[in-house]
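A.B. asks:
In the working numbering, the protein residues as written are 5 to 362.
1) Would you kindly work out how many angstroms separate the C-alpha atoms of residue 183 and residue 212, rounded to a whole number?
2) Under the assumption that residue 91 contacts residue 156 (Cβ atoms under 8 Å), give the Cβ distance between them as a whole number of angstroms.
3) Touch check for the region 30-47 and the region 192-209: three-plus C-beta pairs under 8 Å?
4) In three-state terms, what does DSSP make of residue 338?
5) Given that a residue counts as buried once 16 or more other Cβ atoms are within 10 Å of its Cβ, and exposed if not, what is residue 98?
6) Nearest-angstrom Cα distance between residue 133 and residue 161?
7) Any idea what DSSP makes of residue 127, helix, strand or coil?
8) Tell me which residues share the same chain as residue 19 and place their Cβ nearer than 8 Å to its Cβ, disregarding the 5 neighbours each side in the sequence.
9) Assuming residue 356 and residue 221 are in contact, meaning their beta carbons sit under 8 Å apart, how far apart are those beta carbons, in whole angstroms?
10) Could you check what DSSP says for residue 185 in three-state terms: helix, strand or coil?
11) Do you know offhand how far residue 262's Cα is from residue 323's?
12) What are the boundary residues of the alpha helix (DSSP H) that residue 228 is part of?
13) For residue 66, is the classification buried or exposed, using 16 other Cβ atoms within 10 angstroms of its Cβ as the cut-off for buried?
14) What are the boundary residues of the beta strand (DSSP E) that includes residue 24?
15) Is residue 159 helix, strand or coil when you go by DSSP?
16) Rounded to whole angstroms, how far is the Cβ of residue 217 from the Cβ of residue 226, which I believe are closer than 8 Å?
17) Near residue 260, which residues of its chain fall below 6 Å by C-beta distance, leaving aside the five closest residues on each side in sequence?
18) Assess, as a yes-or-no matter, whether the region 144-155 is touched by the region 174-189 under the definition of 3 or more beta carbon pairs within less than 8 Å.
19) Going by DSSP, which residues form a beta bridge with residue 268?
20) Under three-state DSSP, which class holds residue 68?
21) How do the region 69-86 and the region 12-30 stand: do at least 3 beta-carbon pairs fall below 8 Å, yes or no?
22) Measure the Cβ-Cβ separation of residue 206 and residue 175 and say whether it is below 9 Å.
23) I'd like to know if residue 89 contacts chain B, where contact means its C-beta is closer than 9 Å to some C-beta of that chain.
24) Measuring CB to CB, does residue 347 end up less than 9 Å from residue 287?
25) When the Cα atoms are used, what is the spatial distance from residue 337 to residue 304?
26) Buried or exposed for residue 131, going by 16 or more other Cβ atoms inside 10 Å?
27) DSSP three-state call for residue 38: helix, strand or coil?
28) Are the Cβ atoms of residue 389 and residue 313 separated by less than 9 Å?
29) If you compare alpha carbons, which of 318, 285, 342 is closest to residue 301?
30) Quick one: what's got a C-beta closer than 7 Å to residue 341's C-beta in the same chain, skipping five residues either side?
31) Within the region 190-246, note down every full alpha helix (DSSP H) run reaching 4 residues or more, in order along the chain.
32) Residue 241: which of 186, 257, 89, 283 sits nearest, CA to CA?
33) Just reading off the beta strand (DSSP E) that residue 256 is part of, what are its end residues?
34) Just the Cα atoms here: how many angstroms apart are residue 236 and residue 361?
35) If you run the structure through DSSP and keep just helix, strand and coil, what is residue 288?
As structure tokens, then:
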């Protein structure tokens, strides 16, 4: 059996903190980023993800701690001397320049400057990589939102950075175009082999594109791991609630979850909760079955058709409202439900995850 090798580290935070007066925006962040990795920093507004990205870019310097790029401490290295490029949320393109001139801008600022023919070749190659061949002479205002986003990407990759930083670059796009650009970003990252660090508050975006995700809260990394691991094994209710949809049933730990109404539910256990500790059963909507047969009695409150699945909001007398996601084939077998219908829900003994309450 051939031993697997760990990719070398391209970027690292060592206890990096950033304070703005009394506000601690980043709190002792420790993080290593592997060469060629697609890493996402995911969290709500104000969680510290953009501050971390800006410290890596050189737009902000840490108040304490250290930031390294390719083994070099860069705390005091200005942004223009770091081997990184950033794609901004609103692209920051120059409207008075052509597409080619926008892409070439970083190359022209280099010293020594590449010759004109070399710049033209690299601009053409960057346009081909983002599927915009021949668009060089166009003006920025002649481009659609998706095309402008590709121009911003081409401008970033033409300099061949060691790390490409993306600050919510798809936020301004409509849903269909955003999904297309997610696929293109993944493809481009694999082709280039460049490390991508994405900042986003969109969980679907992070789950669909990333090799690894860091969930942030209050300036700290709460949990990091693969999308599968974060979805299946969240360390607490915050992560379970932020990554995907989940139902939460609160209670006390007694080998399972005992609710105030006296219901007892088993599940996989995260950590080692003490007997009697406050815990929550996190239960994904797709793990719950909805039938006309037997189980916990519920009333259907709402039905949303989603194509391959149907999402039901059901109400249990003791547990409250729960989301249930039913596959189309399973729904057809049951005959379907309408608001006001009575039904029954149930799930397997290991379907839910018991996590500590916060």
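C-beta atoms are modelled at their ideal positions from N, C-alpha and C, and glycine is treated no differently.
C.D. replies: Let's see:
1) 9 Å
2) 5 Å
3) yes
4) helix
5) exposed
6) 9 Å
7) helix
8) 32, 33, 34, 68, 69, 70
9) About 23 Å; that fails the 8 Å criterion.
10) helix
11) 12 Å
12) Taken as a continuous stretch (DSSP letters only), residue 228 belongs to no alpha helix (DSSP H), being part of the beta strand (DSSP E) at 224-229.
13) buried
14) 13-24
15) helix
16) Actually they do not touch by this definition, with Cβ atoms about 11 Å apart.
17) 268, 269, 270
18) yes
19) 262
20) strand
21) yes
22) yes
23) Looking at the structure shown, chain B is missing, and only one protein chain is on hand.
24) no
25) 17 Å
26) buried
27) strand
28) In the structure as shown, the chain begins at 5 and stops at 362. Residue 389 is therefore absent and cannot be evaluated.
29) 318
30) 294, 304, 307, 316, 347
31) 207-213, 231-236, 241-246
32) 283
33) 251-257
34) 17 Å
35) coil
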